[in-house]
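Contents: one structure, followed by commentary.
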């Protein structure tokens, strides 16, 4: 019996079968993952090391060369090259197509960890990323408010970012624009000479004085008490009153006597605007393999909820999806 005969003799059965297939197809289509790019594996890993203030030739000698030498020993490496710019060095490692990229990325992380002690102390934490065409923000959110830069950045980093990260299938959130709060200690050269105190002594004192240090533990019956010394600076006034050394008749020399302590913001490295108004952008990335459309819709719903809370704040903070 062919399909035509079956359709004529049993039309209800055939109709129900077709409807069942259509319903199953519709349900499957609604759950089908949607993405902008196909899942393509590119065997390339990059290592970016910021070194603020360094010239390209210093980046090459102090950053790129040690990292290149270490990464070239990884099995499966096809080519290693470096790009040295002012204040930042990037090492690009290309592997053969047969190499497992996830395994290669882990090998790169291990090698970078072993080479970190050889890098300058002022160099910042290396950033290791695997090249992925789909690794781009699915939603860009702008935060605007009539607030100082430091307060606006704190809202974006400490509140909005943390809420977005808790949204289902959101992998990462990065911030562009805005400036963090910083405490600057500006030393007076003449006062340092007067008290015969090198700037390095002040730097070391600040580094050692701004940390909470474990102080041990004590066991008592069924309890164990852990102690630590609270030594972290809580305000600019505490920094000003930090003693450096004794001078003359044992009068303590404080940091405030050697210069100024300013509560300010970091140097501006990026700036973002929306419709002519200064803003902070939050770039939202999805987790690998998740549905782009579903994640974007979840993020936009979360933005509406956050805006309801922000509307009660001073400065009228507002989030806008772009």
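Residue numbers (UniProt numbering): 1 to 322.
We put the beta carbon where it would ideally sit given N, CA and C, even for glycine.
With 16 or more other Cβ atoms from the protein chains shown falling within 10 Å of its own Cβ, residue 107 counts as buried. With at least 16 other beta carbons inside 10 angstroms of its own, residue 149 counts as buried. According to the DSSP secondary-structure assignment, residue 286 is paired through a beta bridge with 170. Distance from the Cα of residue 152 is smallest, within the candidate group 21, 302, 272, for 272.
Rounded to the nearest whole angstrom, the CA to CA distance from residue 31 to residue 98 is 32 Å. Across the set 217, 253, 223, 231, the C-alpha of 231 shows the shortest separation from the C-alpha of residue 211. The criterion of a C-beta distance shorter than 9 Å is satisfied by residue 82 and residue 90.
Each residue's CA atom was taken as its position, placing residue 114 and residue 136 some 30 Å apart.
Comparing alpha carbon positions, the residue from 177, 128, 131, 125 closest to residue 141 is 177. When the five nearest sequence neighbours on each side are left out, the beta carbons in the same chain lying within less than 7 Å of the beta carbon of residue 295 are those of 138, 169, 170, 286, in order along the chain.
Between residue 67 and residue 112, the beta carbon gap of about 7 Å places them in contact (Cβ cut-off 8 Å). Excluding its 5 nearest sequence neighbours in each direction, residue 264 has C-beta neighbours in its own chain below 7 Å: 182, 184, listed in chain order. Minimum Cα-Cα distance from residue 189 among the listed residues 259, 314, 222, 145 corresponds to 259.
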